[in-house]
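**Q**
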Amino acid sequence: MGITEIIVGSLIIIFAIVIIAAILLQEGRRAGINGAISGGADTFLSKNKARSVDAFLARWTKYIAIAFMILVVIAFVLAMI
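Residue numbers (our numbering): -16 to 64.
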């Protein structure tokens, strides 16, 4: 096992943990319904803040997932050599 395989393997593990964290931090699709049922009222600014944070997490989840897939392909190619 070469040093490049160790580095790529470590990066895959780190990216996998980051993807899991980003997905868990995102608000669910039905989260707004619970606030309406329980009587919790959000202000206009807090709704926009939540949307921007969710949009940020969704965008970065896509980028991290693409990088993760590229790293897996690189690891496969290195294993075949």
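Idealized CB from N, CA, C, for every residue including glycine. Because the structure is a prediction, the values reported are computed rather than measured.
(1) Mapping the DSSP letters down to three states, classify Gly(-15) as helix, strand or coil.
(2) Could you give the distance in angstroms between the alpha-carbon of Trp43 and the alpha-carbon of Leu7?
(3) Given this structure, state the Cα-to-Cα distance separating Gly(-8) from Ala58, to the nearest angstrom.
(4) Look at the Cβ atom of Ala50, then the Cβ atom of Phe(-2), and state whether they are nearer than 8 Å.
(5) Does DSSP put Arg12 in a helix, in a strand, or in coil?
**A** Quick answer:
(1) Here residue -15 is taken as the residue at index 2 of the sequence shown, counted from 1. Three-state result, Gly(-15): coil.
(2) To locate residue 43, count along the sequence shown from 1; it is residue 60. To locate residue 7, count along the sequence shown from 1; it is residue 24. Each residue's alpha carbon lies about 13 Å from the other.
(3) Against the sequence shown, residue -8 aligns to sequence position 9. Against the sequence shown, residue 58 aligns to sequence position 75. Rounded to the nearest angstrom, the two C-alpha atoms are 7 Å apart.
(4) Position 67 of the sequence shown, counted from the start, is the residue given in the question as residue 50. Position 15 of the sequence shown, counted from the start, is the residue given in the question as residue -2. In contact: Ala50 and Phe(-2) (Cβ atoms closer than 8 Å).
(5) For the purposes of this step, residue 12 is taken as residue 29 along the sequence shown, with counting starting at 1. DSSP places Arg12 in coil when its eight states are reduced to three.
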